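*Asks:*
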Amino acid sequence: MKAGFAEREYTPAEGPIPGQIKGHYGKGKLTPLMAHAAVIESEGAKAVLVSLDLIFATVDFATALRERIGKVLKISTDYIFVHTTHTHTGCETDVRCWGCPANPDALIPVADAAVQAVIAANEQLAEVKMGTARTYDTRFAFCRDFFTTDGKIVTNPGLNHADNLVGPISDIDQSVNVIRFDDMEGQPLCFVVNYALHLDTNAHPDKFDADYAGSMREALRRRFGRDVTVVFFNGCCGNVNHLDFKNYNHKKTHSFPKTYSSWHIGEGLAETVQNMNPAPYPRAGEILIQGRYCTFPVARRYATPERKEWAKKFLAFLEENGKMEDRAYSHDRQCAEIYLAEDAEKTPKLMDIGIHVLQLGDIVFVGLPGEIYSEIGLRIKANSPFPHTVVVELADGWHGYIAPDYVLRGGCYESIYSNISYTGLGTADTLIDGATMMLKGLYEAQIAARMGEIRDNRLFKNEV
89 MKAGFAEREY TPAEGPIPGQ IKGHYGKGKL TPLMAHAAVI ESEGAKAVLV
139 SLDLIFATVD FATALRERIG KVLKISTDYI FVHTTHTHTG CETDVRCWGC
189 PANPDALIPV ADAAVQAVIA ANEQLAEVKM GTARTYDTRF AFCRDFFTTD
239 GKIVTNPGLN HADNLVGPIS DIDQSVNVIR FDDMEGQPLC FVVNYALHLD
289 TNAHPDKFDA DYAGSMREAL RRRFGRDVTV VFFNGCCGNV NHLDFKNYNH
339 KKTHSFPKTY SSWHIGEGLA ETVQNMNPAP YPRAGEILIQ GRYCTFPVAR
389 RYATPERKEW AKKFLAFLEE NGKMEDRAYS HDRQCAEIYL AEDAEKTPKL
439 MDIGIHVLQL GDIVFVGLPG EIYSEIGLRI KANSPFPHTV VVELADGWHG
489 YIAPDYVLRG GCYESIYSNI SYTGLGTADT LIDGATMMLK GLYEAQIAAR
539 MGEIRDNRLF KNEV
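The numbers in our numbering rise by one with no breaks, and the one at position 237 of the sequence shown is 325.
Printed below as a string of structure tokens:
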């Protein structure tokens with residue numbers, strides 16, 4: 089087995105920062121925004137892992153990038169996995185993110201950096217050892233959606249709802265999954281780290297920052313060497329952040345003295361990776377590489393006549409009372425603007441969502457294109473025939489928040505129909521069933537690759 093690793097920076101000197109309902113403008117950086125790449129080759133197959141410090145990007149962007157990389161390396165896009173980490177303090181993207189307009193041109197240097205990193209990684213292919221491991225870290229991630237005593241679901245409830253919280257709506261995935269690549273002398277070259285937590289832990293939205301993933305990279309390099317590459321894959325965390333509402337140690341903002349900062353979370357995860365037990369013991373030898381990408385049709389939501397009527401009345405109210413720019417109304421205002429701009433007759437009722445599965449030896453990645461609720465990822469893991477399955481959100485593009493049907497009916501922040509939440513009922517089940525089917529197909533292909541055609545060894549009395 090051979091592998092190569094590289095990174096390229098694309099941090100702007102200054103510019104808009106998406107990630108908040110109110111737009112921010114950044115100058116300078118806390119940690120750099122990077123494109124990280126790993127190229128793995130074994131038994132004639134080659135896989136590419138790309139991670140971008142970006143809040144998200146469209147499927148069109150990810151598809152074009154995968155095709156560009158595929159042409160350079162002359163491999164199928166089925167084997168090219170592109171992920172955006174979801175840092176809320178990254179550069180502009182090609183999706184309107186509340187206060188930050190879409191700017192596709194801002195992603196030109198991002199794509200260029202990704203391709204350059206992949207080319208550099210491919211040029212550095214050398215014999216490596218690979219090991220995988222899984223542990224858990226329960227210190228930093230918490231469910232942010234709660235059932236309330238009046239039968240509702242609320243997001244980030246805050247102190248105003250402290251007395252009527254029943255409990256979090258679901259379990260979350262607190263696993264830390266790691267692939268470690270060493271050179272043949274046992275020196276670490278790369279860590280691929282998966283953990284599920286919103287990257288909105290930075291308290292300084294006026295500077296570009298890779299959030300806790302950037303802090304974790306720096307911490308791992310201090311421990312293992314400055315030349316080590318760290319590729320971060322975020323897990324299913326559409327309903328997960330770093331605020332512990334169950335114990336009420338929170339205030340109005342995302343960061344405050346009693347909450348772990350992005351630096352603390354990054355340092356803590358690096359410590360967890362370093363002290364994993366059992367450790368990811370790297371071994372030499374060939375591995376099986378398999379990849380498949382398929383699309384599945386799901387329902388799309390659109391603005392109903394009732395929503396449009398509400399939008400007209402709501403915008404009129406804001407205009408009459410001089411509250412068009414009031415932050416307290418900004419979410420609803422932008423939803424209303426979207427509803428009125430939409431032409432229901434031209435809006436397709438179905439849309440295709442891609443699912444990506446990629447096997448690297450004894451670990452399998454499932455990539456889903458959206459901000460995925462934790463229980464969707466947990467159910468895919470439970471259904472998987474592979475013992476080490478990792479579900480990654482924001483893979484190969486973005487289709488907004490994707491939540492179970494009961495959440496869509498509940499009407500909390502992530503489920504209100506908008507430009508960041510537009511998939512319909514049944515989408516979660518389609519992802520679970522589609523990923524399960526693809527994983528089972530991959531497993532059967534693995535058996536065939538290892539065993540060839542299995543013979544029928546039954547005996548018959550009249551066999552001739």
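In this text, a Cβ means the ideal position worked out from N, Cα and C, and glycines have one as well.
The structure presented is a predicted model; accordingly, all values stated were derived computationally and were not measured.
Would you tell me roughly how many angstroms separate the C-alpha atoms of residue 42 and residue 94, rounded to the nearest one?
*Replies:* Past the boundaries of the shown model lies residue 42; the chain is included only from 89 to 552, so the question cannot be answered.
*Asks:* Are residue 177 and residue 293 close, meaning C-beta to C-beta below 7 Å?
*Replies:* yes
*Asks:* For residue 215, write down the residues that DSSP places opposite it in a beta bridge.
*Replies:* 90
*Asks:* Rounded to a whole number of angstroms, what is the C-alpha to C-alpha distance between residue 426 and residue 121?
*Replies:* Rounded to whole angstroms, residue 426 to residue 121 spans 31 Å at the Cα level.
*Asks:* For residue 490 and residue 448, which I take to be in contact (beta-carbon distance under 8 Å), what is that distance rounded to the nearest angstrom?
*Replies:* Actually they do not touch by this definition, with Cβ atoms about 25 Å apart.
*Asks:* Is the beta carbon of residue 131 less than 7 Å from the beta carbon of residue 90?
*Replies:* no
*Asks:* Mind checking residue 405: buried by the 16 CB within 10 Å criterion, or exposed?
*Replies:* exposed
*Asks:* Taking one C-beta from the segment 316-323 and one from the segment 260-277 each time, how about it: are there three or more such pairs within less than 8 Å?
*Replies:* yes
*Asks:* Which residue spans inside the segment 168-208 form an unbroken beta strand (DSSP E) run of at least 3?
*Replies:* 168-172
*Asks:* Would you say residue 515 and residue 328 are within 7 Å of each other, going by their C-beta atoms?
*Replies:* no
*Asks:* Based on the DSSP output, what are the partners of residue 448 in its beta bridges?
*Replies:* 377, 451
*Asks:* Less than 7 Å between the C-beta atoms of residue 442 and residue 383, yes or no?
*Replies:* yes
*Asks:* Measuring CB to CB, does residue 231 end up less than 7 Å from residue 260?
*Replies:* yes
*Asks:* Please work out which residues of its chain come closer than 8 Å, Cβ to Cβ, to residue 108, disregarding the five sequence neighbours upstream and downstream, and give them in chain order.
*Replies:* 176, 186, 187, 293
*Asks:* As a quick exercise: from 335, 375, 302, pick the residue whose alpha carbon is nearest that of residue 351.
*Replies:* 302
*Asks:* Does any C-beta atom of chain D lie closer than 7 Å to the C-beta of residue 310?
*Replies:* Absent from the structure is chain D; it holds one protein chain and no more.
*Asks:* Checking 7 Å against the spacing of the C-beta atoms, do residue 307 and residue 358 come in under that value?
*Replies:* A distance below 7 Å separates the beta carbons of residue 307 and residue 358.
*Asks:* Please tell me whether residue 485 and residue 457 are closer than 7 Å, where the distance is taken between their beta carbons.
*Replies:* With a cutoff of 7 Å on beta-carbon distance, residue 485 and residue 457 are scored as near each other.
*Asks:* To the nearest angstrom, how far is the alpha carbon of residue 480 from that of residue 258?
*Replies:* 18 Å
*Asks:* Since residue 145 and residue 206 should fall inside the 8 Å C-beta cutoff, what is the C-beta to C-beta distance between them, to a whole number of angstroms?
*Replies:* Not quite, the Cβ-Cβ distance comes to about 16 Å (not below 8 Å), so this is no contact.
*Asks:* Terminal residues of the continuous alpha helix (DSSP H) containing residue 426?
*Replies:* 418-429
*Asks:* Within this structure, are the beta carbons of residue 114 and residue 295 separated by less than 7 Å?
*Replies:* Their beta carbons are under 7 Å apart, which means residue 114 touches residue 295 by this criterion.
*Asks:* Would you kindly work out how many angstroms separate the C-alpha atoms of residue 80 and residue 459, rounded to a whole number?
*Replies:* The first residue shown for the chain is 89 and the last is 552, placing residue 80 beyond what the model contains.
*Asks:* Assign residue 535 to one of two classes, buried (16 or more other C-beta atoms within 10 Å of its C-beta) or exposed (fewer than that).
*Replies:* exposed
*Asks:* DSSP on residue 345, reduced to helix/strand/coil?
*Replies:* Confidence is the limiting factor: at residue 345 the pLDDT is only 47, short of 50, which leaves the residue's position unreliable, though a coordinate-based value still follows. It is coil, neither helix nor strand.
*Asks:* Give the DSSP-derived three-state secondary structure of residue 134 in the structure shown.
*Replies:* Under the three-state reduction of DSSP output, residue 134 falls in the strand class.
*Asks:* Three or more C-beta pairs closer than 8 Å, one from the segment 145-165 and one from the segment 276-285: is that the case here?
*Replies:* Between the segment 145-165 and the segment 276-285, the count of Cβ pairs shorter than 8 Å is below three; the stretches do not touch.
*Asks:* Starting from residue 323, trace the beta strand (DSSP E) both ways and give me its first and last residue.
*Replies:* First-last for residue 323: undefined, no H or E at that position.
*Asks:* Could you compute how far the alpha carbon of residue 368 sits from the alpha carbon of residue 127?
*Replies:* Distance between the alpha carbons of residue 368 and residue 127 is about 19 Å.
*Asks:* Quick one: using the 10 Å Cβ neighbour count with 16 as the cut-off for buried, is residue 469 buried or exposed?
*Replies:* buried
*Asks:* Using 7 Å as the threshold, is the C-beta distance between residue 92 and residue 210 below it?
*Replies:* yes
*Asks:* Using C-beta distances below 8 Å, list every residue in its chain close to residue 148, excluding the 5 sequence neighbours before and after it, in chain order.
*Replies:* 182, 485
*Asks:* Could you pull the start and end residues of the beta strand (DSSP E) that residue 268 belongs to?
*Replies:* 263-270
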